[in-house]
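As they're listed, the protein sequences go chains Z and P.
Mapping of the first sequence onto the working numbering: residues 26 to 273, in sequence order.
Mapping of the second sequence onto the working numbering: residues 26 to 273, in sequence order.
The C-beta atom is built at its ideal place from N, Cα and C for all residues, glycine as well.
Report on the following structure.
Protein chains: 2
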Amino acid sequence: MNAEPPLWRMIRDSLEAALAAGEYPAGTPLPSEAKLAARFGCAIGTVRRAVDELVAARALVRRQGRGTFVPDHDAMARLPHDGPDRTAFYFFHIRPEDGARLPPETELLDFRAGLPCPAWIAPHLGIAARAPMIFARNLQRIGGRAVALDELWLPRALFPGLDRAGFAGRDGTVYGLYQKRFGHSVIRTDERLKAVPAPAEAATAFDLAPGAPVLRILRVAYAIGDRPVELRISHADTREHEYFNTLA
Amino acid sequence: MNAEPPLWRMIRDSLEAALAAGEYPAGTPLPSEAKLAARFGCAIGTVRRAVDELVAARALVRRQGRGTFVPDHDAMARLPHDGPDRTAFYFFHIRPEDGARLPPETELLDFRAGLPCPAWIAPHLGIAARAPMIFARNLQRIGGRAVALDELWLPRALFPGLDRAGFAGRDGTVYGLYQKRFGHSVIRTDERLKAVPAPAEAATAFDLAPGAPVLRILRVAYAIGDRPVELRISHADTREHEYFNTLA
DNA sequence: TTCGATTTGTTCGTATGTATT
DNA sequence: TAATACATACGAACAAATCGA
Numbered sequence: 026m027n028a029e030p031p032l033w034r035m036i037r038d039s040l041e042a043a044l045a046a047g048e049y050p051a052g053t054p055l056p057s058e059a060k061l062a063a064r065f066g067c068a069i070g071t072v073r074r075a076v077d078e079l080v081a082a083r084a085l086v087r088r089q090g091r092g093t094f095v096p097d098h099d100a101m102a103r104l105p106h107d108g109p110d111r112t113a114f115y116f117f118h119i120r121p122e123d124g125a126r127l128p129p130e131t132e133l134l135d136f137r138a139g140l141p142c143p144a145w146i147a148p149h150l151g152i153a154a155r156a157p158m159i160f161a162r163n164l165q166r167i168g169g170r171a172v173a174l175d176e177l178w179l180p181r182a183l184f185p186g187l188d189r190a191g192f193a194g195r196d197g198t199v200y201g202l203y204q205k206r207f208g209h210s211v212i213r214t215d216e217r218l219k220a221v222p223a224p225a226e227a228a229t230a231f232d233l234a235p236g237a238p239v240l241r242i243l244r245v246a247y248a249i250g251d252r253p254v255e256l257r258i259s260h261a262d263t264r265e266h267e268y269f270n271t272l273a
Numbered sequence: 026m027n028a029e030p031p032l033w034r035m036i037r038d039s040l041e042a043a044l045a046a047g048e049y050p051a052g053t054p055l056p057s058e059a060k061l062a063a064r065f066g067c068a069i070g071t072v073r074r075a076v077d078e079l080v081a082a083r084a085l086v087r088r089q090g091r092g093t094f095v096p097d098h099d100a101m102a103r104l105p106h107d108g109p110d111r112t113a114f115y116f117f118h119i120r121p122e123d124g125a126r127l128p129p130e131t132e133l134l135d136f137r138a139g140l141p142c143p144a145w146i147a148p149h150l151g152i153a154a155r156a157p158m159i160f161a162r163n164l165q166r167i168g169g170r171a172v173a174l175d176e177l178w179l180p181r182a183l184f185p186g187l188d189r190a191g192f193a194g195r196d197g198t199v200y201g202l203y204q205k206r207f208g209h210s211v212i213r214t215d216e217r218l219k220a221v222p223a224p225a226e227a228a229t230a231f232d233l234a235p236g237a238p239v240l241r242i243l244r245v246a247y248a249i250g251d252r253p254v255e256l257r258i259s260h261a262d263t264r265e266h267e268y269f270n271t272l273a
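Take a look at the structure:
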């Protein structure tokens, strides 16, 4: 009774598995649609249907005349390739109230490798409690003003060899680092927001009265194939900035 | 040198304009793809490409064997048609911390028609300051517990004849009301979030200490064709609930 | 219940245009 | 210029879901 899924879906899943396995790193094109069609023994339109889905899921981008690629986080952040860049801010939602989109500057405050995973974090990342973790604390500024204090938790098993120098000395964003050095292309995040009294560190960093309201953001970032790779707790000062979200 | 846009885009825009103009109200199918192809003088695949875009933008839904429709907000909220419903909560993001998705209950606290539009609200809705507005205040509960206090501002010109009885006596959600009675199908919202000290009414409703942190959400809802139809200011108690957002 | 008409879903194939190298 | 790759558009055939006779 169970009808098998359509061909384009099997091709999509096959491609997604290949991407999750690290074939086709960012910058190197996939086989052309004609070659993929030959490989899968189907029409070119069927391959296009499968790729369409992965493009919609932000796992791939097409470039006419060039090929199909895993999107490069930092390249997207740099290029103003079609109008004011949207992708650069896809995962950074704190903006000045006037809506300006200044890029944030990041200062590394702390970095530790080998901490055991706190019990409450483990289930979010699908790992064992006390698994070895990498921990970092960042201060984000916009236009020189401190707006967010981030704590990052990464399973060390997913980021072998990552140390403070490698983390601090990256070229672009942290997600660009995850992608270029470790092949983890973040394409989805879940965020849970609360309004909470400012913790001590946040109050100090933002020059806030203790207990003043701040926005607490708990984010889990997922790479291609729905693999959680990072948990982040941010506290943001929303006196002159806000968290922006558009649902379409 | 300016190449004209592809045929499918012109068809998409034409369909979108028809939807925004109120043809094909929710529940009545569009002409079949074959008929549309004949009308536009193109291949059926080209029509499908155009409809694909509108489906992706949540302006249309397809039903195999039945036709293509403007999605019905409340029908989506009622039917568990494929697994746990996601669309019902597409525009309601407050959830218990455990992730349960109980439907909120709404209590109407206040309703006024004819108030002049506050100057700061007018630009968000693209209308003139002091334009006549409809104002409503709602209390949202989840599992009996008050979690959000909403203030709604609607341009009266877009909701002719809407009075307290019509507003309070609706069948389903407010967005369902907008759609069924006035033809405004909300498909997109912009939300701006801040952590703020609880205003007096919110503190009372939530049994909070005055000045305790609450989440303030400013939402503008857009109907098909990017027409703003509602501004909403919500204050949410996030002690046991949170604002959930997934970016994909 | 069966059947046929209608409508969308899937898959195939082809031709031509446009961008890149 | 030529080769390659994606983008657009056309057309056809059959499958699957729906609905009413």
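Taking only the alpha-carbon atoms, compute the straight-line gap between residue i and residue j and give it to the nearest angstrom.
i, j, result
"residue 58 (chain Z)", "residue 171 (chain Z)", "47 Å"
"residue 55 (chain P)", "residue 67 (chain P)", "17 Å"
"residue 163 (chain P)", "residue 147 (chain P)", "21 Å"
"residue 130 (chain Z)", "residue 166 (chain Z)", "5 Å"
"residue 169 (chain P)", "residue 132 (chain P)", "11 Å"
"residue 127 (chain P)", "residue 204 (chain P)", "23 Å"
"residue 121 (chain P)", "residue 194 (chain P)", "27 Å"
"residue 91 (chain Z)", "residue 202 (chain P)", "48 Å"
"residue 69 (chain Z)", "residue 76 (chain Z)", "11 Å"
Quick one: residues in its chain with C-beta nearer than 6 Å to the C-beta of residue i, no 5 flanking neighbours on either side, listed in chain order?
i, result
"residue 244 (chain Z)", "214, 216, 257"
"residue 72 (chain Z)", "58, 61, 62"
"residue 138 (chain P)", "159"
"residue 94 (chain P)", "54, 86"
"residue 211 (chain Z)", "200, 246, 248"
"residue 264 (chain P)", "none"
Does residue i have its Cβ less than 9 Å from a Cβ in chain P?
i, result
"residue 37 (chain Z)", "no"
"residue 254 (chain Z)", "no"
"residue 73 (chain Z)", "no"
"residue 219 (chain Z)", "yes"
"residue 173 (chain Z)", "no"
"residue 270 (chain Z)", "yes"
"residue 83 (chain Z)", "yes"
"residue 58 (chain Z)", "no"
Is residue i helix, strand or coil by DSSP?
i, result
"residue 71 (chain Z)", "helix"
"residue 95 (chain P)", "coil"
"residue 57 (chain P)", "coil"
"residue 126 (chain P)", "coil"
"residue 251 (chain Z)", "coil"
"residue 184 (chain Z)", "coil"
"residue 231 (chain P)", "helix"
"residue 89 (chain Z)", "coil"
"residue 121 (chain P)", "strand"
"residue 262 (chain Z)", "coil"
"residue 29 (chain Z)", "coil"
"residue 65 (chain P)", "helix"
"residue 168 (chain P)", "coil"
"residue 277 (chain P)", "Because chain P in this structure spans residues 26 to 273, residue 277 (chain P) falls outside the shown range and cannot be described."
"residue 195 (chain P)", "coil"
Spatial neighbours of residue i within its chain, please: CB distance less than 7 Å, with the 5 preceding and 5 following residues excluded, ordered by chain position.
i, result
"residue 88 (chain Z)", "94"
"residue 251 (chain P)", "none"
"residue 135 (chain P)", "161, 162"
"residue 78 (chain Z)", "37"
Is there a Cβ from chain Z that is less than 9 Å from the Cβ of residue i?
i, result
"residue 215 (chain P)", "yes"
"residue 105 (chain P)", "Reliability of the predicted coordinates at residue 105 (chain P) is poor, the pLDDT of 38 falling under 50, and the value obtained from them is presented with this limitation in mind. So, not an interface residue."
"residue 198 (chain P)", "no"
"residue 111 (chain P)", "In this prediction, residue 111 (chain P) scores a pLDDT of 45, lower than 50, which makes its location untrustworthy; the coordinate-derived value is nonetheless stated afterwards. So, not an interface residue."
"residue 238 (chain P)", "yes"
"residue 263 (chain P)", "yes"
"residue 241 (chain P)", "yes"
"residue 115 (chain P)", "yes"
"residue 235 (chain P)", "no"
Can you round the beta-carbon distance between residue i and residue j to whole angstroms, since I take them to be within the 8 Å contact cut?
i, j, result
"residue 118 (chain P)", "residue 231 (chain P)", "17 Å between Cβ atoms; not a contact."
"residue 240 (chain P)", "residue 220 (chain Z)", "4 Å"
"residue 235 (chain P)", "residue 225 (chain P)", "7 Å"
"residue 207 (chain P)", "residue 183 (chain P)", "7 Å"
"residue 177 (chain P)", "residue 190 (chain P)", "That pair is no contact at about 16 Å."
"residue 41 (chain P)", "residue 81 (chain P)", "Not confirmed; about 12 Å, so no contact."
"residue 64 (chain P)", "residue 33 (chain P)", "Their Cβ separation, rounded to whole angstroms, is 14 Å, which puts residue 64 (chain P) and residue 33 (chain P) out of contact at 8 Å."
"residue 125 (chain P)", "residue 261 (chain P)", "With 8 Å as the limit, residue 125 (chain P) and residue 261 (chain P) do not qualify as a contact, their Cβ atoms being about 16 Å apart."
"residue 115 (chain Z)", "residue 272 (chain P)", "7 Å"
I'd like the list of long-range same chain contacts for residue i, defined as Cβ closer than 8 Å, with 5 residues on each side in sequence excluded.
i, result
"residue 154 (chain P)", "141, 142, 143, 144, 147"
"residue 181 (chain Z)", "138, 139, 156, 157, 158, 159, 187"
"residue 266 (chain P)", "119, 120, 121, 122, 167, 172"
"residue 44 (chain P)", "79, 84, 85, 95, 210, 249, 250"
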